[in-house]
Amino acid sequence: MSAGGNSGRFAATPDELRRYGEDGFFVRSAVFAPAELEVLRQAVEKVVAEAGEHGGKTYEIDGNRYRDTEAATLQYEHHAGAEMIRVIEPFHHLHPDLDRLVDDPRMTEAICGILSCPAVALWTEKINCKRPFEGSGFRWHQDSPYWSHACSDVERLPNVMLTLDDADEENGCFRVIRGSHRNGFLPGLDDESQLGPLFTDPKHFDETAEYKAILPAGSQVFFSPHSVHGSQPNRSDRPRRALVLTYQPAGRRMFKIDATRNAGPEQRSSEIA
Ligand SMILES: O=C(O)CCC(=O)C(=O)O
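Residue numbers (numbering that gives the first Met the number 0): 0 to 272.
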């Protein structure tokens, strides 16, 4: 492995690294095969079905329901009385097939290149469910402000989204604003809601620079923690499930679990420090 760590069959190409620097993201289309995706979708559905079994207390923020269980934070859909899960964070420890994904070189090798480091660890990871008709949108936001209180090196938390279903405008494809990462933390909304400051004020980025990730299942979007991103609700009868994994340099602790989870083909087991 080279000193910078950007090596292997799935290493980031010079053009991808240039795009990450200039645009804040790059895309790889249809990287995972249908049979692999089916394994991941089945694992996701099992985790979602069992998510409520881990106890915990439900609470509300800005009228939306959350639950911190022993295993994960659950976000529920945004209509009154919703029982449907919208997001589960984290998830790798909840199913062996999802744990294996953390180490997949298709996830880690390009991340090593983005971070210019020889080895990486997991920071956090989310299942975004986006169910047919009910899956709500994600307002424009950067991830960096969410993490800034917990990480002193927030610039070095690149994300990779893996699409589990074909994504288009109708089922609420992921969207990212080209170049919006360049000015670091952007001002949030001053709308008197509790989470308003975590949603990016559209006065501070160019909405017309939006890239719509209309992609087949099994595609990847690698994006910066400072990139403004979001998505519309799912208005279709098709799911738009996705996994978002966020990495950091090796040896560092996770966001929501007090342990280190180094990642990569040589790092198969969790290390509880
Ligand atoms: O899944 C999406 O469409 C948006 C995801 C997102 O914004 C996030 O996970 O931070």
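Glycine included, C-beta positions come from ideal geometry on N, C-alpha and C.
Does DSSP put residue i in a helix, in a strand, or in coil?
i	result
Gly7	coil
His91	helix
Ala249	coil
Gln74	strand
Thr12	coil
Val30	coil
Phe254	coil
Gly112	helix
His53	helix
Glu69	coil
Gly229	strand
Met0	Confidence is the limiting factor: at Met0 the pLDDT is only 43, short of 50, which leaves the residue's position unreliable, though a coordinate-based value still follows. DSSP places Met0 in coil when its eight states are reduced to three.
Between the Cα of residue i and those of the options, spot the shortest distance and give me the residue it belongs to.
i	options	result
His77	His92, Glu88, Glu133 and Leu121	Glu133
Gly229	Tyr75, Trp139, Arg27 and Leu16	Trp139
Arg18	Arg240, Gln266, Arg85 and Phe221	Phe221
Asn170	Thr259, Gly250 and Arg240	Arg240
Phe25	Asp205, Ala166, Pro157 and Asp167	Pro157
Lys211	Leu188, Arg174 and Val243	Arg174
Asp164	Asn182, Lys56 and Arg237	Arg237
Thr162	Gly7, Val30 and Asn5	Val30
How close, in whole Å, do the beta carbons of residue i and residue j come, if the pair is a contact with beta carbons under 8 Å?
i	j	result
Ile87	Lys125	7 Å
Asp102	Gln219	Their Cβ separation, rounded to whole angstroms, is 15 Å, which puts Asp102 and Gln219 out of contact at 8 Å.
Next on the checklist: Measuring CB atoms only, is the stretch 139-146 touching the stretch 189-198, in the sense that at least three cross pairs come out at less than 8 Å?
Outcome noted: yes
Checklist entry - Is the number of C-beta pairs between the stretch 11-21 and the stretch 100-112 that are closer than 8 Å three or more? => result yes
Item to check | Ordered list of beta strand (DSSP E) runs contained in the stretch 133-220, each at least 3 residues | outcome: 137-140, 158-162, 173-176 and 209-211
Item to check | Stretch-stretch touch, CB-based, cutoff 8 Å, three pairs: the stretch 30-49 with the stretch 91-98 | outcome: yes
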